[in-house]
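Here the sequence shown is numbered in the numbering used here, starting from 415 and rising by one per residue.
Yeah, the Cβ is synthetic: ideal placement off N, Cα and C, and Gly gets one too.
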Amino acid sequence: MIDYHLHTTRCCHATGSLEDYLAEAEKKQLREIGFSDHFPLDLLGVTPRAPVTMEASELEEYIKEVEGLKSLGSNMNIKLGIEIDYIPGTENKLGKLLEQYDFDYVIGSIHYLGDWDFTHPVYADHYQDYDMDSLYDKYFKLLQDACRSRLFDVIGHIDVIKKFGYRPANDLEALYIETARLLRESGTCIELNTAGQDAPVGEFYPDPQLLEVCLSEGVAVTMGSDAHSPEQVGRYFNEAVELLKLSGCRELTVFEQRKRSSIQL
Ligand SMILES: [Zn+2]
Ligand SMILES: [Zn+2]
Numbered sequence: 415m416i417d418y419h420l421h422t423t424r425c426c427h428a429t430g431s432l433e434d435y436l437a438e439a440e441k442k443q444l445r446e447i448g449f450s451d452h453f454p455l456d457l458l459g460v461t462p463r464a465p466v467t468m469e470a471s472e473l474e475e476y477i478k479e480v481e482g483l484k485s486l487g488s489n490m491n492i493k494l495g496i497e498i499d500y501i502p503g504t505e506n507k508l509g510k511l512l513e514q515y516d517f518d519y520v521i522g523s524i525h526y527l528g529d530w531d532f533t534h535p536v537y538a539d540h541y542q543d544y545d546m547d548s549l550y551d552k553y554f555k556l557l558q559d560a561c562r563s564r565l566f567d568v569i570g571h572i573d574v575i576k577k578f579g580y581r582p583a584n585d586l587e588a589l590y591i592e593t594a595r596l597l598r599e600s601g602t603c604i605e606l607n608t609a610g611q612d613a614p615v616g617e618f619y620p621d622p623q624l625l626e627v628c629l630s631e632g633v634a635v636t637m638g639s640d641a642h643s644p645e646q647v648g649r650y651f652n653e654a655v656e657l658l659k660l661s662g663c664r665e666l667t668v669f670e671q672r673k674r675s676s677i678q679l
């Protein structure tokens with residue numbers, strides 16, 4: 415099994431050393447892990463109210479540290495990934511920045527609508543100011559733009575807008591189909607992200623309906639725990655694999671130097 419979504423202390427909201435994450439992955443008998451810490455928002459010209467990503471000056475060190483972990487002689491395949499906020503208007507800047515680094519894969523995630531970090535518990539009461547149907551629509555339209563940018567290999571926690579349990583009244587099937595088609599056309603994967611199980615919503619990202627739509631549209635899938643502490647590595651993976659198999663998923667996507675291949679599930 416693979417876990418492609420691990421954070422490090424550089425994002426200011428995670429704990430443990432890289433060696434601790436590796437040790438946990440070995441304990442859980444994973445075959446491959448990928449670190450995908452938060453790309454510096456300041457490089458995109460964004461200053462959040464409180465630090466939620468590494469700083470620009472830390473990026474080289476992060477890369478060195480992940481590369482260094484490979485030299486410890488573990489049998490684990492270790493990949494260098496990154497999780498980057500999709501901020502509309504920064505596409506050209508980000509495209510040029512990405513040319514400078516040798517990431518194995520790039521996860522594109524949406525944590526912000528305007529300057530609202532809607533994934534942050536401190537700002538969760540802002541959901542009450544919105545109509546959920548239009549909020550979900552706005553979120554998925556932004557996600558579709560992230561696909562169109564073709565900057566990302568994987569979309570992170572695809573329906574994280576549900577994190578605090580606020581749901582729309584409308585059925586989302588049409589929006590899901592439209593999104594899944596764009597994912598496929600742009601060659602962007604999704605991840606089965608198990609962190610949602612520990613969030614107030616209490617279910618994986620994506621939910622079973624969205625997962626099914628993505629699979630039936632031919633979207634490729636990878637796996638991640640979004641671990642912010644070592645014990646979270648590989649969390650709920652048995653349940654996740656069961657869900658994937660039940661949904662008809664037969665393989666998982668892996669990356670090397672941003673080239674895709676697949677392994678049997
Ligand atoms: Zn994220
Ligand atoms: Zn993450």
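Take Glu631, set aside five residues on each side of it, and the residues of its chain with a beta-carbon closer than 8 Å to its own are Ile591, Ala594, Arg595, Leu597, Arg598, in chain order.
Distances from the CA of Ser600 to each of Gln671, His421, Arg564 were compared; the closest alpha carbon is that of Arg564. For Gly430, the closest of Pro644, Leu660, Gly662 by C-alpha to C-alpha distance is Pro644. For Ile492, the uninterrupted beta strand (DSSP E) segment begins and ends at 491 to 499. A residue is called buried once 16 or more other Cβ atoms fall within 10 Å of its Cβ, and Glu438 is buried on that count.
One alpha carbon belongs to Leu589, the other to Gln611, and they sit about 23 Å apart. Not one heavy atom of ligand 2 lies closer than 7 Å to the C-beta of His534. Here Gly638 is bridged, per DSSP, to Asn607. If you draw a straight line from the Cα of Ala634 to the Cα of Cys603, it is about 5 Å long. Beta-bridge pairing by DSSP links Tyr619 to Asn607.
The continuous stretches of alpha helix (DSSP H) do not include Tyr519, which lies in the beta strand (DSSP E) extending over residues 519 to 523.
When distances are taken from the beta-carbon of Ser523 to the heavy atoms of ligand 1, the shortest one is below 7 Å.
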